[in-house]
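Engineer: Following this message is one structure expressed as structure tokens.
In the numbering used here, the protein residues as written are -12 to 304.
Shown next, in the form of structure tokens:
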């Protein structure tokens, strides 16, 4: 080659194993609307290599794209995984319909993280969980799921080792009547149906000493327990003795400085009588830092039997 000439390269001829290694560093959006549309060779690899879709992290997509686009992208990712998906993380745009779509096509899922999914119901979650028999990690943060959901999850997912069920916000109301603030439904569901748990996080839950005692009695493998902001818990001597075997223990009044959404958990001393909590959801996505989570919303305009809403059918193989 003559001096001064620039060597041209045909990136379409890049070895597929090297290209797959590069693609593996990209997120779902980059694969679908970035690398996947550069050329036919790149598009083909992004479409037919299921290993690229084993871990689908759509964290925070709900606040940077239209709901319909995020839903279609999620469905396309599920389809391309071809049954090999092992992790799916998302937030505000997930609904019952989308969750069921994933459940019917990703039975090998081991990790599911959902936050701020206000359109996922107890019934929808219970039905979807039946399709995840291998699930080992479930994170439900700031969703409208409560009551019998824990029992439903435990029965459907016998291999569950890590469970997080965090309230969207908690007001520590010392003046509230005990029967309003106390509720052991979730705790008893966990105790009776999740015997293999090793890690449990229940920030802002209303469980009482009795509920926690039941969990400690039945979840013998528990190593990590986080009950911060659980103000119905009174750490008496009996409970302290029960908790002594837990190697990683966070108590109701411990600092929440390491919790991702700490800015949206208030105490009555600072915000009693305030309407500030009404604006919490609108700003919640803005405080996400460096943790892994995800986004999802409405599925009503999609046919559950379809592929991905047609939005990404243009990718030729």
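Glycine included, each C-beta is placed from N, C-alpha and C at the ideal position.
Under 8 Å by Cβ, that's how I've got residue 64 and residue 81 pegged, so tell me the actual separation to the nearest angstrom.
Structural biologist: Going by Cβ atoms, the distance from residue 64 to residue 81 rounds to 13 Å, so no, they are not a contact pair.
Engineer: Classify residue 70 as buried or exposed, calling it buried when 16 or more other Cβ atoms lie within 10 Å of its own Cβ.
Structural biologist: exposed
Engineer: Leaving out the 5 sequence neighbours to the left and right, which residues in its chain are closer than 6 Å to residue 87 when beta-carbon positions are compared?
Structural biologist: 115
Engineer: When DSSP builds the beta bridges, which residues end up paired with residue 43?
Structural biologist: 75
Engineer: Does the distance from the CB of residue 228 to the CB of residue 210 come in under 8 Å?
Structural biologist: Contact annotation: residue 228 and residue 210 have beta-carbon atoms that are not nearer than 8 Å.
Engineer: Residue 211 by DSSP, collapsed to three states: which one?
Structural biologist: Residue 211: strand per DSSP, three-state reduction.
Engineer: Am I right that residue 132 and residue 112 are in contact with their C-beta atoms under 8 Å? What's the rounded C-beta distance?
Structural biologist: 6 Å
Engineer: Beta-carbon separation of residue 152 and residue 137 under 8 Å?
Structural biologist: yes
Engineer: Start and end of the beta strand (DSSP E) containing residue 126?
Structural biologist: 124 to 128
Engineer: Three-state secondary structure (DSSP) at residue 192?
Structural biologist: Here residue 192 sits in coil by DSSP.
Engineer: With DSSP run on the structure shown, which of helix, strand or coil describes residue 183?
Structural biologist: coil
Engineer: In the DSSP assignment, find the unbroken alpha helix (DSSP H) run with residue 102 in it and report its ends.
Structural biologist: Counting along the chain, residue 102 falls outside any alpha helix (DSSP H), though it belongs to the beta strand (DSSP E) covering 98 to 102.
Engineer: Given residue 171, which residues of its chain have a CB within under 7 Å of its CB, disregarding the five upstream and five downstream residues?
Structural biologist: Closer than 7 Å at Cβ, skipping near neighbours: 194, 195, 197 and 198.
Engineer: Can you tell me where the beta strand (DSSP E) with residue 153 in it begins and where it stops?
Structural biologist: 149 to 153
Engineer: Does the beta-carbon of residue 84 have 16 or more other beta-carbons within 10 angstroms, so that it is buried, or is it exposed?
Structural biologist: buried
Engineer: What residue range is occupied by the uninterrupted beta strand (DSSP E) comprising residue 55?
Structural biologist: Here residue 55 belongs to no beta strand (DSSP E); instead the alpha helix (DSSP H) covers 54 to 68.
Engineer: For residue 204, does the three-state DSSP call read helix, strand or coil?
Structural biologist: helix
Engineer: Should residue 221 be labelled buried (16 or more other beta-carbon atoms within 10 Å of its own) or exposed?
Structural biologist: Residue 221 is exposed by the Cβ-count criterion.
Engineer: Helix, strand or coil for residue 82 per DSSP?
Structural biologist: strand
Engineer: What span of residues does the alpha helix (DSSP H) with residue 226 cover, start to end?
Structural biologist: 224 to 230
Engineer: Measure the beta-carbon distance from residue 126 to residue 103 and round it to whole angstroms, keeping in mind my assumption that it falls under 8 Å.
Structural biologist: Not confirmed; about 12 Å, so no contact.
Engineer: Can you give the Cα-Cα distance for residue 118 and residue 105, rounded to whole angstroms?
Structural biologist: 21 Å
Engineer: Just verifying my parser: in three-state terms, what is the DSSP assignment at residue 235?
Structural biologist: strand
Engineer: Can you give the beta carbon distance from residue 57 to residue 45, rounded, assuming they're within the 8 Å contact cut?
Structural biologist: The beta carbons of residue 57 and residue 45 sit about 7 Å from each other, so the pair counts as a contact at 8 Å.
Engineer: Taking buried to mean at least 16 other C-beta atoms within 10 Å of its own C-beta, is residue 241 buried or exposed?
Structural biologist: exposed
Engineer: Using the C-alpha atoms, what's the distance from residue 142 back to residue 237?
Structural biologist: 27 Å
Engineer: Are the CB atoms of residue 243 and residue 216 nearer to each other than 8 Å?
Structural biologist: yes
Engineer: Counting along the chain, where does the alpha helix (DSSP H) carrying residue 139 start and finish?
Structural biologist: 136 to 143
Engineer: What are the start and end residues of the alpha helix (DSSP H) that includes residue 109?
Structural biologist: 109 to 116
Engineer: Drop a sphere of 10 angstroms on the beta-carbon of residue 204, count the other beta-carbons inside from all chains shown, and report buried for 16 or more, exposed for fewer.
Structural biologist: exposed
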